[in-house]
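K.L.:
I have a structure I would like to understand better, so I am pasting it below and will then ask my questions one at a time.
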Amino acid sequence: IRPDMGIDGVIDIREGRHPVVEAMPDTGVYVPNNTYLDNDSNRMAIITGPNMVGKSTYMRQVALIVLMAQIGCFVPAKSANISIVDRIFTRVGASDDLASGQSTFMVEMNEVANILRNATSKSLLILDEIGRGTSTFDGLSIAWAVAEFIADKERCGAKTLFATHYHELTSLEKNLKHLRNKHVSATEDGEESV
């Protein structure tokens, strides 16, 4: 569909689909899903759920739909109201740069630092498993601090999808009025997972 573009800060995607995944042969049924982000009470989503249920795919889908809309493309969704963003930042996937002495954790921290320095309240952030390259408590502390920093409108205030296995982060919803918890799960229907 042709998305409606705006400047009101709302990203509202109904029955969105991943444009690459659904085009791949033998991927099975891709379940469409909704996304709603705004500048108020739905500015940040902490996304939890087990491995392989589609958290990363969902977040990438949102980034791709926003990017496609902003360059003038039709998007794979039933409807889409997309507010213009100034930048899309992602921290997805693990990689290292051992040739220059950078571990996976150091690469992640440098990328996160760059995002936190440059993101604005008009940016879209896609963060996947921040803090996983170190010990559990250190990783949780880093992820918690990053989430609090982004949620603070005076410091950042960007629209953010933040996937994590640190379920402790879900307690942030009690203290941060702009954050909502989302949980992704899968069920089996006969021989298919949906």
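Counting in this note's numbering, the sequence shown runs from -7 upward without gaps.
The beta-carbon is built from N, C-alpha and C at its ideal position, and this holds for glycine as well.
Quantities reported herein were computed from a predicted structural model and do not represent experimental measurements.
Any chance you could list the alpha helix (DSSP H) runs of at least 4 consecutive residues sitting entirely within the stretch 86 to 132, in chain order?
P.N.:
The stretch 86 to 132 contains these whole alpha helix (DSSP H) runs: 96 to 110.
K.L.:
Indicate whether the contact test is met: 3 or more Cβ pairs, each with one atom in the stretch 118 to 129 and one in the stretch 144 to 151, closer than 8 Å.
P.N.:
Touching, no.
K.L.:
For the alpha helix (DSSP H) containing A61, list its first residue and its last residue.
P.N.:
Start and end: 47 to 62.
K.L.:
Within 10 angstroms of its Cβ, does D4 collect 16 or more other Cβ (buried), or is it exposed?
P.N.:
Burial call: buried.
K.L.:
Report yes if the CB atom of R35 is closer than 8 Å to the CB atom of K166, and no otherwise.
P.N.:
In this structure, K166 does not lie closer than 8 Å to R35 by Cβ.
K.L.:
Can you name the residues that DSSP bridges to T156?
P.N.:
Note: T156 sits in no beta bridge, so no partner.
K.L.:
Going by the DSSP bridge assignment, what does R83 pair with across the sheet?
P.N.:
Partner(s): L119.
K.L.:
Looking only at its chain, what residues have a beta carbon closer than 6 Å to the beta carbon of P(-5), apart from the 5 residues adjacent to it on each side?
P.N.:
Only A61, V67, A72, I74 meet the Cβ criterion.
K.L.:
How should H175 be labelled, buried or exposed, when 16 other C-beta atoms within 10 angstroms of its C-beta is the threshold for buried?
P.N.:
Answer is exposed; the Cβ neighbour count stays below 16.
K.L.:
Going by DSSP in three states, E146 sits in which element: helix, strand or coil?
P.N.:
In the structure shown, E146 sits in coil (DSSP, three-state: anything other than H, G, I, E or B).
K.L.:
Is the beta carbon of L164 closer than 8 Å to that of A137?
P.N.:
No. Outside cutoff.
K.L.:
Since N43 is in the beta strand (DSSP E), which residue starts that stretch and which ends it?
P.N.:
Segment: none, N43 is in no beta strand (DSSP E) and carries neither H nor E.
K.L.:
In angstroms with no decimal places, state the Cα-to-Cα distance between N102 and N25.
P.N.:
Between N102 and N25, the C-alpha separation is close to 32 Å.
K.L.:
Sorted by chain position, which residues of the same chain lie with C-beta nearer than 6 Å to N31's C-beta, five sequence neighbours on each side aside?
P.N.:
Result list for N31: G1, in chain order.
K.L.:
Is the beta carbon of T82 sitting closer than 8 Å to the one on A55?
P.N.:
In this structure, A55 lies closer than 8 Å to T82 by Cβ.
K.L.:
Going by the CB atoms, is the gap between T40 and T128 shorter than 8 Å?
P.N.:
Cβ distance not < 8 Å, so T128 and T40 don't count as in contact.
K.L.:
For a quick check, are the C-beta atoms of I76 and L161 less than 8 Å apart?
P.N.:
Contact flag unset, no.
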